[in-house]
Amino acid sequence: MPETVKINVEYLTRVEGHGNIVVDAQNGKLLQCLLEIVEAPRFFEGMLRGRSIFEAQHITSRICGICACAHTLVSVQAAEDALGITPTPQTIKLRELLLDMEILDSHILHIYLLAAPDLLGVGSFKSLIGTHHKTVRRALRMKKICNDVCDILVGRHVHPIACIAGGFTKLPAEKDLAAMQTLLKGLQSDMDATVDLALTLSFPEFERATEYVALVNDGPDYPLLSGDIGSSDGPRMDKHDYRRVTNEFTVPHSSAKFARFNRESYAVGALARLNLNFDKLKPAAKMTATALGFKPPVHNPYLNTVGQVIESVQCLDHATRIVEDFLEHGIDQAERVLVGLNEKGTLPVRAGNGVGAVEAPRGILFHNYETDAHGAIVKANCVIPTAQNVNNIEQDMAALVPVILHKSEAEITLALEMLVRAYDPCISCSAHFLKVYLQNQ
Amino acid sequence: MKMEKVLITDSSFEVKPATIVRKRVLTDKEHLFEIRLEGGEALNHDPGQFVEVSILGAGEAPISICSSPTRRQGFEVCVRKIGKLTTVMHNLEVGDTLGIRGPYGKGFPVGILEGHDLLLIAGGLGLAPLRSLINYVMDNRRDFGRVSILLGCNTPQSILFGDEVDLWSSRIDVSFHCTVDRADPDWKGHVGAITTLIPGETIDPDYTFAIIVGPPVMYKYVIKELLAKGVPESQILVSLERHMKCGLGKCGHCQIHNIYCCQDGPVFRYDRIKNLRGAI
Amino acid sequence: MDNVVLDKNKLNSFIVQLRARHPVVAPVHRGYNRYVFDEVENGDQIAIPYIPTILPPKKYFMPQHETLIEYDTRLGQTLNVVVEFASLVIFGVHTCDLAGIQCLNIVLSDRPKDLHYLFRKNRVFIMGLECNDYCDEYASCHLMGNDLPKGGYDLFFTDIGEAFLIHIQTLAGQELIEDMDFLRPAESFHIKALQAVRSRKKEIFKNEVDVERDEIPELFERGFDHPVWREIGNRCLSCGNCTNVCPTCYCYDVKDIPNLDLRSGRRVRVWDSCQNEPFAKIASGESFRAERADRKRHRFYRKFKYHNDRFARYYCTGCGRCSRTCMARINLKETIAALKQVVP
Amino acid sequence: MITKPNVAFFDFACCEGCQLQVANLGEQLLDLLDIIEVVEFREVMSEKWDGIYDVAVIEGSITTPHALERIERIRQRSKILIAYGSCATIGGVNGMKNHFELPDIRGYVYGGAADAYPTMATRAVHQAVKVDYFVHGCPVYPPEFLEVLKCVLAGVPYHVPDAAVCVECKLNENVCMYERGIACLGPVTRAGCNSWCINNDNICYGCRGMVSNPAQNAMRSVLEMYGIPLEFIVRKMDMYNTCRELDEHA
Ligand SMILES: Cc1cc2nc3c(=O)[nH]c(=O)nc-3n(C[C@H](O)[C@H](O)[C@H](O)COP(=O)(O)OP(=O)(O)OC[C@H]3O[C@@H](n4cnc5c(N)ncnc54)[C@H](O)[C@@H]3O)c2cc1C
Ligand code: SF4
Ligand code: SF4
Ligand code: SF4
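Chains as they are written, first to last, in the numbering used here: chain B, 1 to 441; chain U, 1 to 280; chain Y, 1 to 344; chain X, 1 to 250.
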C-alpha cells in the first residue's frame, strides 16, 4: 500500500499542448498536487500590439489549431464590438453553423481519439485500430465530414480563411449548401453509433460540486455564439465584465493563469454548459441525455465526456437545421465582404474597446482588444477555457488523491491522467495566454 | 462534368521497357549503366543523342547516351546523382527494369566529320556524351584524320571512365591530354583550366572540327581559344545542356530563342547559335 | 454552308437541347470581373457579353493538371497512356480565343504530335461568338487580325439585335442543331443585319497601337536590345500570370505522383511558365534566363517572333489577358508601342 | 518497402493545428498507417519509443533554451527530420515576437514573473538543426504533406515549388486581388498550397515563406502604384517571415 507516492507525469499525452502532473504524498498525506503547464509561451498578446484590428482574427486563430474556429469567432466578435459593427442575421447564422462544426469536430476528436482509449483500456487510438477498427474508421470519417463542411464554409477548419470581421469573404452557393446537407445527413448514422458507444462506456465515480460558468442568453437556442456570462453560483454578468468573473491570478508552478469567481475555483466546458442550459437542448439531444442517464446538475468531472456526446448530437441537429433553412430561403450573396478593404482606410475605425465571448469546445473563451483611433491594437487580452479550468482541475485532484491513495502508483497515475483528460484541456491555448498586465505602462 | 478515360497508343510519352544488364560505380556520384531494350531491339542512336529515362514514381530525365552505336547490343548511360530520378536510378541493380524514350535530338554529324581532324574537348560529366563519339571514332579510326582528346576534370579522383581514358592515352593514333583543377600529390599531369591545353595543340584549322561538351561555364572560354587558333566557327560543334522535360520540342524549357535544344540540338554548330544571346 | 437564326429568347431552349447530347460549357460570371468557362445547365447561366475569361478555353484541350500515364510498378515499368476527356460543346468563344485554339492546334499537331491534345480536340465542338464592340481597353485584337472570325469553329454566333445569326461552318455543327425546330433559315434581312454589324465594327475596331501588323516582325528583328525589356523586367514580379492566362502558351512540366501505396500512380502534365524562376534552371544550378528582363523578352518573342518564324503565324491573339491580369500593369500594347520608339 | 519506417511527431512552440491536419486526413490516415509506423505522437498517443526514428516530424518553432536542447537530442536520434508547418519551416507567427525587445514582450505578458519563463529569439527548426525536408504552410496543405512523405519514403528529394502562389491562383481562375486594389503576398510567396486563401476570397499572407528570388523592388513599386502603404505590407510580411532575417545574417 504505497501511501507515499511521488508521481511525475511529464508531457502528459493525449491532451492538446504540454502539461505535467505532479503529486507528492507522504505517509498518506498530500503535500503537493499540481497540474503544471509547461508549454513554451508564445506571447500572442504581445504580438498583437500595434497590429491592425482587422488582422487580429488571422493572428489569434494561430493560438490554437484545435479550436481555431472558436478563436476566429471570438476574435471577430471582439473586433466588431470595438469597431461598432453589427453583424447581419445571415452572418450570425453562418457563424453559428461554423461553431457547431467546430464543437462537433473537437468533441469527436476528444471522445474517440483522446478519451476512448482510456475507457476501452488501450494505450492510444493506434491500438484501437487493431481492437476497434470500425470505431476508429467511424471517428476518422466523422472528423473528415466536419472538416469537409468547414472547407466549404470557410476554406478549411484549421485556421479558417473566409470568416473575418464584418462577415464572410465567400458565401456558400446553393450547390455548396446542398453538399453540406448531404455531408451532414451522412453524419447522422455515425452519430447514432457514437451514442451507442457512449452507452457501453463506464466512467469512474467521483463527485465534487463546483461552480459552473457558461454563456447564457434569452434566446430559444442553446447558447454558444453569444450571450451573457452565467454562473451556477451567482448572477448573470455582461460579457464586458468578464474580468470580474475570471479574476485571474498567477501561481508559481504554472505558466497558465488561474481563475476563480464565487468560490475557490470554477469549471467551464460541456458540463458547465449543460448544467446551466440543459433546458434549451433540442429534443434529440435531450433524449440522448436521458438515454445516457445524464441528469443535471452533474458533479462528476469524468462525465464531461458524456456531456460532449450530448452536445455533439445537439450541434449536428442545429447545424442541419441551419443548412436546411438556408436551402429554403437562399443566401444573399451581396453580403460578401471584401477582405483587406481597409488598407487605404476605407472603413471607419475608431478608438474602442471590444470584448468577444464565445463557447469554445472546452468552455467559455474571451478576447478583448483595445484599439487606438487608427484601428491599431494597443492592448489585447485573451482568456482561454483551459486556463479557467486548471484551478478547478487541481481542486479535483486534491479531492481525488486522498480517496485513491491506497491504490497502486500506476492506478493513481491513470486515474489522474483520465481526470485531466476528461476536461479535454487545451494546454497549448492556455499557455499562450498566460496573461499578466502591462506592468510598466 | 463526367470525364471518360481511354487508353491510347503511339503516344510520344510511351516508353520502351528496358533492363539494366550491367552497372559500374565510377565515383560515388556517377554510375554507369548498360541498358538493353526489351527483346534485344536496337536503340539505333547517333553519337551525341540522348534518351529520356523513365522510372515510374520518380519521373523522367534526359540522359546522354555515352556508348558508341558501334559497340555492344545495348547502350550505356552515365548518371550523376542529383535529384529524384537520378537518386532512384543509382539504387537500381542489374536486372531491374526502367523505361526509355528516344533517342532524341541531333547528335554529332559523323558523316560530315569523316575525313577531318578532330579536336575532342570534354569537361567533367561532358565526357559522357562525348565518349559516344570518341569510341565511335576509335572504332572507325581510319575514316578520320588526326584525333586529339582534351579532358578537364575537377580532381584526379573525379576522372570518369579511367580505364578507357588510359586506353585512349596509350593509343598511338590519338593525342591525349588531361588537366585537373585541383591536383593531389600523386598527380603527374597537367593542372589548370582546360583552356590552357588548347594553345599547345597543333591544329590545321581548315581541316579540323572542334567538339566541345562540358559544364555551361566552359564553352565561352574554350571557343575563344579555338577561334584564336583559327578554327572556323562553322567547324566548332557544341553540345548544350538545358532544362528539358519532354524531349519533343513542346514543353518549352530547353528553348533558346527559336530553337529547341531537344529537337534541334543538343549538338549545334557554333556559327548557327553564336548570335543567339544566352546560348553560350 | 448555311446561316440560321436563333431568337434570343430561345437561347435557353438551345442550350437545354444541346445539353441533352453533350455537356455545354460557356462563359459564366462569378463576381467581380471574374468570368470563367464552366459547365452550364441553361441559357440564363451564360454571361454575354463578357470580357475574356480568366483562363482561355485551352483548359478543355490541355487541362491545367492532366494525367498522361497511369502505372502500377507491380506490373513492371510498363505503363498505360491514358486520356481523360469529355465530349463537350464550348459555347460563346470570342474570335481571339478561336485564334488561340488554332495556334495550339498548329504547334501540337506538329511532329511529334501531342496525341493527348489532339484526342480531346477531336471531341470538342466549338461555337464562336462575335464581339460587336471591344471588351475593354486591354484588347489588341484588331492589330492581331482577330476581331473578325477566321474559321476555327463549328458554329459562329453574331448578335444581330433580337436574334443570333448562326453561321454553320461544319457538318458536325450542322448535325448538332439538326432537330432544333426553333431555328429559322436566315433571310436576306438577317444577312444585311450581319453586314451592318460588320461595317459598324469597322468603325470601332482600329489598330490599338500605332503599328501596322506587318511591321511587327521588323520591330522584333531589331528590338532585342531595346531598353523596354529592362524596363518591364524591373517591374515584373515573375508571378507567371501573363503566361498562365495566355491562350497560346502551352509550356508544361511533367511529374510523377505516386499513390499512397507507393507502387501505383500517375504521370501528370502541369502548366508551367517561362516567367517562373526555375523554368530554365538546370540541375547544377545555372539558370539560362536568370534575369527577369530576359524572361519577359522571351515571352514577347514567343508571341511575335519565334513562332512566327516557325509557323508563319503570330502567337498573340490580342485578347488582352496578359495586360488585364498583370499586377505590375505591364501592358502589351504599351510594350509594342515602346518597341517602335527608336532609341537614340 | 520491407519494414515500415518508424515515424515520430514532435511539437514545439506552435498551435498544433498542423498535427491536427494529420488526423483530418480522415480514413486516408489508415492508408497512411499502412506504410508508416507511428511510434510517437503525443497529441493522440501515450506510447513512447526509445529507439532511432527513421523519420521525425517536427512541428513548431524553437523558442526556449530547453527546446533547443530537446530538438538537438531528437536530431541525434533521427535519420530523417522533417520541418512541418510554418512555425517549424520559417518561424511563422512566433517570429513576430522577435521584433519586440525580448524583455519588453516578456514583461508585457508575464509582468513581474517574467524571469520564470526563459525565452530566446524564435528560430525556425533549420536555424537550430539540420532539416532534410520542408513542409511549409500555416497550416500545412495535406496533399503536399503526403507528397513530401512519399518522397521521404522513396528516399528522393522533394522540391518545394519556387514559383509564386499566383501561379496556382491563376490555374484556379481567381481574379487578382490587385485588380481590386488589395495587396496580396502571392507574388513573393512560394506556391504549393494551391492558392488556398485566394480561392476563398482572402489574400495570401505569405505563410509558406518567400520564393528564392523575390522581386522586392518591383513589389514596392506595385504597392506604390496601388496606393498601398509600404509599411502595411512590411507588417504583413512580418507575420510569417520575420525569422528570414536569421537566414540572411547567417
Ligand atoms: C540533353 C541532356 C543530356 C544530359 N545528359 C546527362 C547525362 O548523361 N548524365 C547525367 O547525369 N545527367 C545528364 N543530364 C542532366 C540530367 O538530365 C539532370 O540532372 C536530371 O534531369 C535530373 O533529374 P532528377 O529527377 O534526378 O532531378 P530533379 O529532382 O528533377 O531536379 C534536380 C534539379 O534540377 C532541376 N531540373 C529538373 N529537371 C531538369 C532537367 N530536365 N534538366 C535540367 N535540370 C533539371 C530542377 O530544377 C531541380 O532543381 C542531361 C541533361 C540534358 C538536357
Ligand atoms: S500575349 Fe497577352 S494579349 Fe496576346 S494572346 Fe497572350 S494573353 Fe492574349
Ligand atoms: S490574387 Fe494574389 S496570388 Fe492571386 S494573382 Fe493576385 S497577387 Fe497573385
Ligand atoms: S495562400 Fe498564402 S497564406 Fe494562404 S495558405 Fe497559401 S501561402 Fe499560406
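Glycine included, C-beta positions come from ideal geometry on N, C-alpha and C.
Backbone CA spacing between residue i and residue j [nearest angstrom]
i: B:H374; j: B:L104; result: 38 Å
i: B:G307; j: X:Q19; result: 26 Å
i: X:A121; j: U:R80; result: 41 Å
i: Y:R111; j: B:A68; result: 54 Å
i: B:L183; j: B:S312; result: 15 Å
i: U:H116; j: U:H253; result: 34 Å
i: Y:K192; j: Y:D159; result: 13 Å
i: U:I280; j: U:K220; result: 6 Å
i: Y:N146; j: X:R123; result: 56 Å
i: Y:S287; j: Y:L262; result: 32 Å
i: B:M471; j: Y:A86; result: Chain B is shown only over 1 to 441; residue 471 of chain B falls outside these bounds and no answer can be derived.
i: B:A398; j: B:I161; result: 42 Å
i: U:G59; j: Y:N259; result: 14 Å
i: B:F294; j: B:D424; result: 19 Å
i: Y:A337; j: Y:H226; result: 12 Å
i: U:L56; j: X:N24; result: 29 Å
i: U:I159; j: X:F145; result: 40 Å
i: Y:D154; j: X:R190; result: 42 Å
i: B:E328; j: B:R321; result: 10 Å
Buried or exposed (CB count within 10 angstroms, at least 16 for buried), residue i
i: Y:S109; result: exposed
i: Y:E208; result: buried
i: X:S212; result: exposed
i: U:N44; result: exposed
i: Y:R299; result: buried
i: B:G363; result: buried
i: B:A178; result: exposed
i: Y:W327; result: Note that residue 327 of chain Y corresponds to Met in the displayed sequence, not to Trp. Flag for Y:M327 reads buried.
i: B:L434; result: Low per-residue confidence applies at B:L434: pLDDT is 31, beneath 50, and the placement is therefore not dependable enough to give any value.
i: Y:E175; result: exposed
i: Y:T248; result: buried
i: U:A61; result: buried
i: B:K402; result: In the sequence as displayed, the identity of residue 402 of chain B is Pro instead of Lys. That one is exposed.
Extent of the continuous beta strand (DSSP E) run through residue i
i: Y:E70; result: H65 to D72
i: B:Y112; result: Element bounds for B:Y112: n/a, residue is neither H nor E.
i: X:Y84; result: S78 to Y84
i: U:E38; result: Segment: none, U:E38 is in no beta strand (DSSP E) and carries neither H nor E.
First and last residue of the uninterrupted alpha helix (DSSP H) at residue i
i: U:S170; result: G162 to S170
i: Y:R346; result: Within the shown structure, residues of chain Y are numbered from 1 to 344, placing residue 346 of chain Y beyond reach of any answer.
Where the region 48-70 of chain Y meets chain X: residues whose CB sits under 9 Å from a CB there: From the region 48-70 of chain Y, only T53, I54, L55, K59, Q64 and H65 have a Cβ closer than 9 Å to chain X.
Taking beta-carbon pairs under 9 Å, can you tell me which members of the region 3-26 of chain X lie near chain B? D11, F12, A13, C14, C15, E16, G17, C18, Q19, L20, Q21, A23, N24, L25 and G26
Contact set between the region 146-172 of chain X and chain U, restricted to residues whose Cβ is under 9 Å from the partner: Shown in chain order are the members of the region 146-172 of chain X whose Cβ falls below 9 Å from a Cβ of chain U: K150, C151, A154, G155, V156, P157, Y158 and H159.
Can you give, in chain order, each stretch of the alpha helix (DSSP H) that sits fully within the region 121-200 of chain B and has at least 4 residues? 125-131, 133-154 and 174-200
With 7 Å as the C-beta to C-beta threshold (strictly closer), list the residues of the region 82-105 of chain U near chain Y in chain order. I82, G83, T97, L98 and G99
Can you give, in chain order, each stretch of the beta strand (DSSP E) that sits fully within the region 28-61 of chain Y and has at least 3 residues? Counting whole runs of 3 or more residues, the region 28-61 of chain Y contains the beta strand (DSSP E) stretches 35-40.
Residues of the region 229-255 of chain Y with Cβ closer than 8 Å to any Cβ of chain X, in chain order: N234, R235, C236, L237, S238, C239, G240, N241, N244 and V245
For the region 286-346 of chain B, list the beta strand (DSSP E) runs that are entirely contained and at least 3 residues long, ordered along the chain. none
Residues in the region 16-42 of chain Y having any Cβ partner in chain X nearer than 7 Å: Cβ contacts with chain X come from Y32, N33, R34 and V36.
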